[in-house]
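The structure appears right after this line, and notes come after that.
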Amino acid sequence: MTQCPVTGAGTQPSETVVLDPLVQDLAGEGARLREAGPVARVELPGGVPCWAVTHHAEARQLLTDARLVKDIGKWGAWRRGEISPSWPLIGLAAPGPSMLTYDGAEHRRLRTLTAQALTPRRVEAMRPVIEEITQRLLDELAESADERGAADLKATFAYELPMSVIAELLGVATNDEPRLRKLYEGFFSSVTPPEEVQQVMTELAEFFTGVLEEKKRNPGDDLTTALLQAAEEGDTLTDEEVLATIQVLVAAGHETTISLIVNAVRALLTHPEQLSAVLAGDVSWDSVIEEVLRWDAPTTHVLIRFATEDVEVGDTVIGEGDALIIAYGAIGRDEAQHGSDAAEFVSTRSPNRHISFGYGPHVCPGAPLSRLEARVALPALFARFPDMVLGVPASELRNKPAVTQNELQALPVLLHGAKEGLATA
Ligand code: HEM
616 MTQCPVTGAG TQPSETVVLD PLVQDLAGEG ARLREAGPVA RVELPGGVPC WAVTHHAEAR
676 QLLTDARLVK DIGKWGAWRR GEISPSWPLI GLAAPGPSML TYDGAEHRRL RTLTAQALTP
736 RRVEAMRPVI EEITQRLLDE LAESADERGA ADLKATFAYE LPMSVIAELL GVATNDEPRL
796 RKLYEGFFSS VTPPEEVQQV MTELAEFFTG VLEEKKRNPG DDLTTALLQA AEEGDTLTDE
856 EVLATIQVLV AAGHETTISL IVNAVRALLT HPEQLSAVLA GDVSWDSVIE EVLRWDAPTT
916 HVLIRFATED VEVGDTVIGE GDALIIAYGA IGRDEAQHGS DAAEFVSTRS PNRHISFGYG
976 PHVCPGAPLS RLEARVALPA LFARFPDMVL GVPASELRNK PAVTQNELQA LPVLLHGAKE
1036 GLATA
């Protein structure tokens, strides 16, 4: 039996993997997590002990186990006052009352309207808007490049697309997007000083309250208005819940989709033979996108869950009151699920049953939207810039310091190819 990280119960403690707040070697950390066992002991930045599920089969088991809940009140360490409310990652444990933090019937009530708005059919109706935004951003990308064709694909293209699409979905004014961008950068960073975390959360709440008030005065054809009208018509959602829902949609749908696009471009530029196969039509874009989601999962670790009673997984016991994170980054490369080449990027992989959008009741309702964004953005990008290469060796690319997100700080590219040619790996 493995030792419980919080209560100390049990024997034979396995290695504790200390998660690196600077995210300097994500693949190495993922491998260490899997080696530490399907349910590994980890230390979150700030010295907070936690469990992490690191293998695919056990993750599916735990993501459908009703004894693991989102209510921070069930966290033993929190109840004992061992976790500071200003812990920089508190937003992961207690992101405010929304579908993210409820379970059972309450969760379904909060999730239904949003899930209905994001079905593949509804989302498909957004395709023309996504195509239009993509073309505008491609023009801006070309304009942003210097005389060598050097540009930051993340800042000028990948960053802008998901924010513009979510803003469109929610009816947020386009000129408010830069402020949102700045706030979310602070929110997701594991190196944001504790004293600034509360300030960022307060400013985010103020921002979205402003959006809600504007929609009450000027209803539109958007999800915020739909949620507000549902709130008015019955007791489906309170104003506070509508506010939390739109905050969650931006937080959950923005950085993740940026990473999907950025990680896909990086994967293809570092595997030119696979890029050629896609451009020749021998491999589908859908297949590429699923492989990027598996191999380079946009969310590295997702939200903390808490055990309402002892939960046995193999020879490990997640003790009552313990916290658990889902290590999606590690899970995507689990050999038991994906085979001995799980660490390789293989765009033709089939079957490819990853769980990078989660599993069970909290499975991502935004999956169809982000898949569509990538499906529109990637072919359009490579059609416009078929000779694009990385602007720096891949080994020089750095992740943002955020333990939840697998997101590069920047993706320098040369839009029209490199004269001298740069190493791709
Ligand atoms: C590539 C892009 C995306 C990835 C990898 C991703 C990943 C995930 C994962 C892993 C979860 C499960 C969290 C858990 O188990 O606690 C989740 C939940 C969620 N995602 Fe996404 N997501 C993406 C895009 C989006 C988009 C575009 C939206 C909205 C427009 C969105 C909205 C949500 C919401 C609201 C939840 C919470 C669902 C619930 O708790 O019931 N996501 N996402």
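In this note's numbering, the protein residues as written are 616 to 1040.
Where is the CB? At the ideal position from N, CA and C, for every residue including glycine.
Since we're looking at a predicted model, the values are computed, not measured.
Original post:
By Cβ distance, which residues of its chain are closer than 6 Å to Thr631, with the 5 residues on each side in sequence left out?
Top reply: Excluding residues within five positions, the ones whose Cβ falls inside 6 Å are Arg656, Glu658.
**OP:** Label Val1028 either buried or exposed according to how many other C-beta atoms from any shown protein chain fall within 10 Å of its C-beta, with 16 as the threshold for buried.
**Re:** buried
Subject >> Span separating the alpha-carbon of Ala998 from that of Trp702 >> reply: 45 Å
Original post:
Is Pro983 helix, strand or coil by DSSP?
Top reply: helix
Original post:
Can you list the beta strand (DSSP E) stretches of 3 or more residues lying completely in the region 894 to 982, in chain order?
Top reply: Runs of the beta strand (DSSP E) inside the region 894 to 982: 917 to 922, 926 to 928, 931 to 933, 938 to 941.
Subject >> CA-to-CA distance, Met1003 to Gly1032, given in whole angstroms >> reply: 5 Å
Original post:
Less than 6 Å between the CB of Phe823 and some heavy atom of ligand 1, yes or no?
Top reply: No, the Cβ of Phe823 stays beyond 6 Å of every heavy atom of ligand 1.
Subject >> Heavy atom of ligand 1 within 6 Å of Pro913 beta-carbon >> reply: yes
Original post:
Ala692: which of Val663, Pro710, Asp718, Pro712 sits nearest, CA to CA?
Top reply: Val663
Subject >> The beta strand (DSSP E) enclosing Leu659, as first and last residue numbers >> reply: 654 to 659
Original post:
Looking only at its own chain, which residues have a Cβ that is under 8 Å from the Cβ of Arg990, when we skip the five neighbours before and after it?
Top reply: Trp900, Asp901, Ile904
Original post:
Could you give the residue range of the beta strand (DSSP E) that holds Leu1029?
Top reply: 1027 to 1029
Original post:
If Tyr943 sits next to Val917, beta carbons under 8 Å apart, how far is it from one beta carbon to the other, in whole angstroms?
Top reply: 6 Å
Original post:
Taking all protein chains shown into account, do 16 or more other C-beta atoms lie within 10 angstroms of the C-beta of Val907, making it buried, or fewer, making it exposed?
Top reply: buried
**OP:** Keeping to the same chain, check which residues put their C-beta closer than 6 Å to that of Phe823; ignore five residues upstream and five downstream.
**Re:** Leu858, Ile861, Gln862
**OP:** Report all residues from its chain with a CB closer than 7 Å to the CB of Asp635; omit the five preceding and five following residues, and keep chain order.
**Re:** Glu644
Subject >> Distance between Leu852 and Leu728 (C-alpha atoms, nearest Å) >> reply: 9 Å
Subject >> For Arg675 and Arg964, the rounded distance between their alpha carbons >> reply: 21 Å
Original post:
Applying the criterion that 16 or more other CB atoms from any shown protein chain within 10 Å of the CB defines a buried residue, is Val560 buried or exposed?
Top reply: Residue 560 lies beyond the residue range present for the chain, which begins at 616 and ends at 1040; the question has no answer from this structure.
Original post:
Can you list, in chain order, the residues of its chain whose CB lies under 6 Å from that of Thr622, leaving out five sequence neighbours each side?
Top reply: Bear in mind that the predicted position of Thr622 carries a pLDDT of just 43, short of 50, making it unreliable; the figure below should be weighed with that in mind. If we look at Thr622 and ignore the five residues flanking it on each side, its Cβ neighbours are Gly934.
Subject >> Three-state secondary structure assigned by DSSP to Asn833 >> reply: coil
Subject >> Local conformation of Ala882 per DSSP, three classes >> reply: helix
**OP:** Identify whether Trp690 lies in helix, strand or coil by the three-state DSSP scheme.
**Re:** It is coil, neither helix nor strand.
**OP:** Label Glu888 either buried or exposed according to how many other C-beta atoms from any shown protein chain fall within 10 Å of its C-beta, with 16 as the threshold for buried.
**Re:** Its Cβ having fewer than 16 others within 10 Å, Glu888 is exposed.
Original post:
Taking Cβ to Cβ, would you say Leu785 is nearer than 7 Å to Asp854?
Top reply: For the pair Leu785 and Asp854, the CB atoms are not nearer than the 7 Å cut-off.
Subject >> Proximity test, Arg726 beta-carbon vs ligand 1 heavy atom, cut-off 6 Å >> reply: yes
Original post:
Lys797: which of Gly896, Asn1021, Glu870, Pro712 sits nearest, CA to CA?
Top reply: Glu870
Original post:
Below 7 Å between beta carbons: does that hold for Ala770 and Leu1030?
Top reply: no
**OP:** Using the DSSP secondary-structure output, state which residues sit across from Gln1020 in a beta bridge.
**Re:** According to DSSP, Gln1020 bridges with Thr914.
Original post:
With a CB to CB cut of under 7 Å and the five nearest residues on each side skipped, what residues in its chain are close to Ile745?
Top reply: Val780, Leu987, Glu988, Val991
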